[in-house]
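For any residue, its number in my numbering is found by taking its place in the first sequence, counting from 1, and adding 1.
All C-beta atoms in this analysis are idealised placements derived from N, C-alpha and C, irrespective of residue type, glycine included.
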Amino acid sequence: MDKRLPREFFERDVLDVAPDLLGKYLVRRFDSGDIHRFQITEVEAYRGEEDKACHAAKGRTKRTEVLYSEPGTIYVYLIYGMYWLLNVVTGEKDCPQAVLIRGVKEISGPGRIGKFLKLDASFYGESFLISDRLWFEDSDDKPLYKTTPRIGIDYAGEWRDLEWRFVVDEDSK
DNA sequence: ACAAAGATCCGT
DNA sequence: CGGATCTTTGTA
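See below:
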């Protein structure tokens, strides 16, 4: 059976998709053919042009173009000249939203995930719905989680304090 | 054309 | 706490 998360999963508001991704599996098929599954433990939501922390706050540019495309599309970008951060586009087409994958069970930190999964610019615009090297799979786990403000966005003014970071609560497992 | 900052990580 | 390292964006 196909456990890959379908378009309908991502075609919802980012604030619904983000917590639902906790406990799901991020699956990477490397060039060698080896397939690794990583259970998601930490995510953040970035929501629309109004959200000053969202890259789409700058409007439609070459970099943010993909945020306006179909739900389930891969958004990767290089930060600090060395780390590829991984996001999945959510919501209706033309509503720029994305979930940042910040942590999985074996790896803490969005920059380290990109390094471990060998991500690069070639993933930009690819789709999690049909890719043969990067996708999400369902899981029966419904872990309890806590919310906190997002990390590293102190510049975002009133949007800084919104608790749009979702972290699996280990204590409750 | 140039300068500045960034959804980070690591070593000191 | 500062350096690495380079793309994107704002300003001229």
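(1) Measure the alpha-carbon distance for P7 versus R13 and round it to whole angstroms.
(2) Kindly identify the DSSP beta-bridge partner or partners of R38.
(3) Whole beta strand (DSSP E) runs in the stretch 53-124 with 3 or more residues, listed along the chain?
(4) Just mark F31 as buried or exposed, buried being the case when its beta carbon has 16 or more other beta carbons within 10 Å.
(5) If R48 sits next to H56, beta carbons under 8 Å apart, how far is it from one beta carbon to the other, in whole angstroms?
(6) Is the beta carbon of S70 within less than 7 Å of some heavy atom of the ligand MN?
(7) What does DSSP give as the partner residues of W136 in its beta bridges?
(8) Assuming E176 contacts K25 under a Cβ cut-off of 8 Å, what Cβ separation, rounded to an integer in Å, is found between them?
(9) Can you name, in chain order, every residue of its own chain whose Cβ lies under 7 Å from the Cβ of F117, other than the five neighbours on each side?
(10) How do the stretch 138-149 and the stretch 73-85 stand: do at least 3 beta-carbon pairs fall below 8 Å, yes or no?
(11) How should R166 be labelled, buried or exposed, when 16 other C-beta atoms within 10 angstroms of its C-beta is the threshold for buried?
If we stick to the structure as given:
(1) Distance between the alpha carbons of P7 and R13 is about 12 Å.
(2) Residue pairing by DSSP places R38 opposite V28 in a beta bridge.
(3) The qualifying runs are 75-80, 84-90 and 98-105.
(4) The residue is exposed, with fewer than 16 neighbouring Cβ atoms inside 10 Å.
(5) Not a contact, Cβ separation roughly 11 Å.
(6) You won't find the ligand MN in this model; it holds no ligand whatsoever.
(7) Note: W136 sits in a beta bridge opposite V28.
(8) The shown model of the chain, from 2 to 174, leaves out residue 176, and the question about it has no answer.
(9) Result list for F117: I108, in chain order.
(10) Contact between the stretch 138-149 and the stretch 73-85 is absent, because fewer than three Cβ pairs lie under 8 Å.
(11) Under this definition R166 is a buried residue.
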